[in-house]
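J.:
In our numbering, the protein residues as written are 2 to 277.
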């Protein structure tokens with residue numbers, strides 16, 4: 002039982018794939034598109050964070066004078082990989098933005114603390130590449146979707162982060178402890194609290210924009226609204242946008258389409274930093 006929800010109710014409240022009947026087809030289309038991207042675009046593949054081959058990141062170059070975003074994939078911290086999300090790259094390259102695709106280890110082989118650490122290492126490795134290769138802007142803007150939005154939000158105090166675009170994320174991990182997601186995560190109360198952006202201090206100056214779809218599950222919409230409201234009480238900058246007629250998966254269209262709301266806002270944010 003979590004609050005007034007039984008386990009079965011909570012399972013349903015956070016089962017995004019079951020809530021979207023064609024979710025499997027959408028993910029398959031992402032994977033096919035991502036394979037096409039990796040087969041047609043030149044990029045540096047699987048750059049390791051440390052001595053081991055994995056975790057690692059891919060880097061897609063637009064221009065050394067261009068800004069860089071780092072994308073963190075979703076999958077409830079236990080599924081998917083960076084390779085499934087290369088389909089988001091072309092729209093960003095078209096806007097003259099470099100893209101780092103960050104990989105991370107998955108539960109149950111590692112804990113949430115270790116996953117968060119993987120992202121920290123990925124950011125550090127990306128920054129090292131930018132500095133060593135002479136990029137004009139040696140910092141990054143983070144984009145995260147689903148679990149990736151949570152992981153991006155956990156990095157706001159990193160001095161190398163310019164800001165965050167958080168899409169359809171989970172920012173209070175407490176309900177995860179009581180539903181099917183925890184079968185793999187193995188979160189306890191302490192780990193949940195120290196890894197919940199909703200319960201942590203927020204950077205007073207860095208922008209974090211929160212997006213969610215109007216067709217997403219109510220609990221998912223509540224996570225985004227509550228996180229934005231929490232940040233607002235702290236006067237932390239950023240916007241909240243509930244995008245009409247988008248579910249947990251189709252919301253990424255707003256990042257990949259030329260006139261997508263998320264992409265346009267991202268460009269505005271990055272340009273404002275570049276001209277500051």
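Glycine residues also receive a C-beta, built at the ideal position from the N, C-alpha and C atoms.
Computed from a prediction, not measured in an experiment: that's the story for all the values here.
Express the C-alpha separation of residue 15 and residue 221 in angstroms, rounding to a whole number.
T.: Approximately 7 angstroms, taken between the alpha carbons.
J.: Any idea if residue 9 is buried or exposed, counting beta-carbon neighbours within 10 angstroms, 16 or more meaning buried?
T.: Per the 10 Å Cβ criterion, exposed.
J.: Would you call the CB atoms of residue 42 and residue 73 closer than 8 angstroms?
T.: Not a contact, by the Cβ cut-off of 8 angstroms.
J.: Could you give the DSSP three-state label for residue 189: helix, strand or coil?
T.: Here residue 189 sits in coil by DSSP.
J.: Report the rounded CA-to-CA distance for residue 126 versus residue 164, giving the unit in angstroms.
T.: Approximately 18 angstroms between the Cα atoms of the pair.
J.: Would you report the Cα separation of residue 44 and residue 93, rounded to the nearest angstrom?
T.: In a straight line, the C-alpha of residue 44 is about 14 angstroms away from that of residue 93.
J.: Output the distance between the C-alpha atoms of residue 229 and residue 33, rounded to the nearest integer angstrom.
T.: Rounded to the nearest angstrom, the two C-alpha atoms are 34 angstroms apart.
J.: Are residue 115 and residue 69 close, meaning C-beta to C-beta below 8 angstroms?
T.: No, the Cβ-Cβ distance between residue 115 and residue 69 is not below 8 angstroms.
J.: In chain order, what residues of the same chain have a beta carbon less than 6 angstroms from the beta carbon of residue 238, not counting five sequence neighbours either side?
T.: Excluding positions up to five away in sequence, the list reads 208.
J.: Per DSSP, residue 113 forms a beta bridge with which residues?
T.: In DSSP, residue 113 forms no bridge with anything.
J.: Say yes only if the C-beta of residue 243 is nearer than 7 angstroms to one or more non-hydrogen atoms of the ligand PLP, and no if none qualify.
T.: The ligand content of the structure shown is nil, which means the ligand PLP is not present either.
J.: Over the uninterrupted beta strand (DSSP E) stretch that includes residue 146, give me the two end residues.
T.: Here the beta strand (DSSP E) through residue 146 covers 141 to 146.
J.: Please tell me whether residue 51 and residue 71 are closer than 8 angstroms, where the distance is taken between their beta carbons.
T.: Result no, Cβ atoms of residue 51 and residue 71 do not sit closer than 8 angstroms.
J.: For residue 57, which three-state DSSP category applies?
T.: Strand at residue 57.
J.: Would you identify the three-state DSSP class for residue 229, choosing helix, strand or coil?
T.: DSSP places residue 229 in helix when its eight states are reduced to three.
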